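Trainee: Dropping a structure here in structure tokens format, bear with me for questions.
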Amino acid sequence: WLIPLNIKWYFSKDKTTLIKVVLKEKETIIPIPENTDAYKLNFKQSGFYRVKYEDEILEKLGKLILEGKFSPEDIFGVGNDLYALVRRGDYTLEYYLKFIGNYFRKVDHFLPLTDVFSNLIKLHLIFPSKRDEIKKIGK
């Protein structure tokens, strides 16, 4: 299978670089450039796959979201992938709620907000004991 991968590198002083790669092998190593602050895989949600980041990178992406440096598609992608990974058991519900509460509070676009709203409704139904925490995020 050929897998298109768009990667946006984020550097200091709002400098960015976009690279486009087609993965042809089962494993591919892509070196991270020096002085990279963060990177967004599946930039503009160009592929149909999930991305699991290291915790440090995920937090840096959250800060970029909070600073308004991501498109609605990429905000959606980070939040949607994180929710899917919570469902799979890779992250806790508490981590998801904290991440959304910390980094999505300035998001005002329909696409990511609709997705978060839908996820919160599901979580509200599935976890009655967590409803108070979930309601705080939904306000």
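Each residue of the sequence shown is one higher than the one before, counting from -1 in the working numbering. Yeah, the Cβ is synthetic: ideal placement off N, Cα and C, and Gly gets one too. Computed from a predicted model, the values in this text were never measured in an experiment.
Where are the alpha helix (DSSP H) runs, 4 residues long or more, that stay fully inside the region -1 to 81, in chain order?
Mentor: DSSP runs (the alpha helix (DSSP H)) wholly in the region -1 to 81: 53 to 64.
Trainee: Does DSSP put residue 103 in a helix, in a strand, or in coil?
Mentor: In the sequence shown, residue 103 corresponds to position 105, counting from 1. Residue state, collapsed to three classes: coil.
Trainee: Figure out for me which residue from 67, 0, 91, 46 has the closest Cα to the Cα of residue 10.
Mentor: The residue you call residue 10 lines up with position 12 of the sequence shown. The option with the nearest alpha carbon to residue 10 is 67.
Trainee: Count the other CB atoms within 10 Å of the CB of residue 47; is the residue buried (16 or more) or exposed (fewer)?
Mentor: Position 49 of the sequence shown, counted from the start, is the residue given in the question as residue 47. Exposed, by the Cβ-count rule.
Trainee: Residue 139 lies in the alpha helix (DSSP H); which residues open and close that run?
Mentor: Since the first residue of the chain shown is -1 and the last is 137, residue 139 is not available in this structure.
Trainee: So the alpha helix (DSSP H) residue 128 belongs to, where does it begin and stop?
Mentor: Locating residue 128 in the sequence shown gives position 130, where the first residue counts as 1. From DSSP, residue 128 is part of no alpha helix (DSSP H); its letter is neither H nor E.
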